[in-house]
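**Student:**
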């Protein structure tokens, strides 16, 4: 391994190479997917929070959803792709006229959310690393840490996970917990003291998955 301290490494195994796996930048990927989708026409992007669903009076067929600004979006199919915020679907069906909304979602599995922290570090002078590493360890601060080098010289370090059954933070407003970033910093000091250890992050983030 090019940047991991071999003294603390018991063993390693490759997951793949450039022929069968790749790393993607989440926002750039989403931007390109939307660019490709919108170029076909007939697609409308509405940004808002769903507050409730409306069904037909005589059959449980979808008619649309009401957003947090009071607007109504007609739809005959509702696709829920909200990740760790999927539990909010239960509230959408809570008070539907003529239908027992709670019964409709009673068999949905519980969807928990895991909050991960991440940081971007860059060596000076810049060194382009090529190996992403996923750690498995009996040390709780190192276990499940993932490090993804990027072509611009940044290394994306993520981990320090915590699972929640109900989300209290809104998408895009996830608070960064300094102690979690400190844990990531310590993990790099232990696993890569000569390369990534001791580097101050220039960007810190938190997200749910």
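In this note's numbering, the protein residues as written are 72 to 280.
Glycine included, each C-beta is placed from N, C-alpha and C at the ideal position.
Predicted, not measured: the structure shown is a model, and the values here were computed from it.
#1: Check for me: the beta strand (DSSP E) holding residue 94 runs from which residue to which?
#2: Where does residue 273 sit, in a helix, a strand or coil, going by DSSP?
#3: Which runs of the alpha helix (DSSP H) at least 4 residues long sit entirely within the region 104-183? Give them in chain order.
#4: Considering only residues of the same chain and omitting the five flanking positions on each side of residue 187, which have a CB-CB separation below 8 Å?
#5: Exposed or buried, what is residue 81 when buried is set at 16 or more other beta-carbons lying within 10 Å of its beta-carbon?
#6: Quick one: give me the first and last residue of the beta strand (DSSP E) that residue 226 is part of.
#7: When the Cα of residue 178 is compared with those of 164, 95, 189, 184, which residue comes out closest?
#8: Could you check whether the region 188-208 touches the region 255-264, counting it as contact only if at least three pairs of C-beta atoms, one from each stretch, sit closer than 8 Å?
#9: Could you tell me which of 159, 74, 221 sits nearest to residue 122, measuring between CA atoms?
#10: Taking the beta carbon of residue 256 as the centre, do at least 16 other beta carbons fall within 10 Å, making it buried, or is it exposed?
#11: Assign residue 74 to buried or exposed, taking buried as 16 or more other Cβ atoms, counted over all protein chains shown, within 10 Å of its Cβ.
**Tutor:** Put simply:
#1: Translated into the one-based positions of the chain shown, residue 94 becomes position 23. Here residue 94 belongs to no beta strand (DSSP E), and DSSP marks it neither H nor E.
#2: Sequence index remark: in the chain shown, residue 273 carries index 202 (1-based). Note: residue 273 maps to coil in three-state DSSP.
#3: You should have 160-163, 172-175.
#4: Translated into the one-based positions of the chain shown, residue 187 becomes position 116. These residues qualify, in order along the chain: 229, 230, 231, 232, 277, 278, 279, 280.
#5: Along the chain shown, read from residue 1 onward, the residue named residue 81 stands at position 10. Classification of residue 81: exposed, given that the 10 Å Cβ count is below 16.
#6: The sequence position of residue 226 within the chain shown is 155, counting from 1. Where residue 226 is concerned, the enclosing beta strand (DSSP E) stretches over 225-235.
#7: On the chain shown, residue 178 is found 107 positions in, with the first residue counted as 1. When 164, 95, 189, 184 are compared, the shortest CA-CA separation from residue 178 is found for 164.
#8: Output reads yes: the region 255-264 touches the region 188-208.
#9: Here residue 122 is taken as the residue at index 51 of the chain shown, counted from 1. For residue 122, the closest C-alpha among the options 159, 74, 221 is that of 159.
#10: Position 185 of the chain shown, counted from the start, is the residue given in the question as residue 256. Looking at its Cβ environment, which holds 16 or more other Cβ atoms inside 10 Å, residue 256 is buried.
#11: Here residue 74 refers to the residue found at position 3 of the chain shown. Residue 74 is buried by the Cβ-count criterion.
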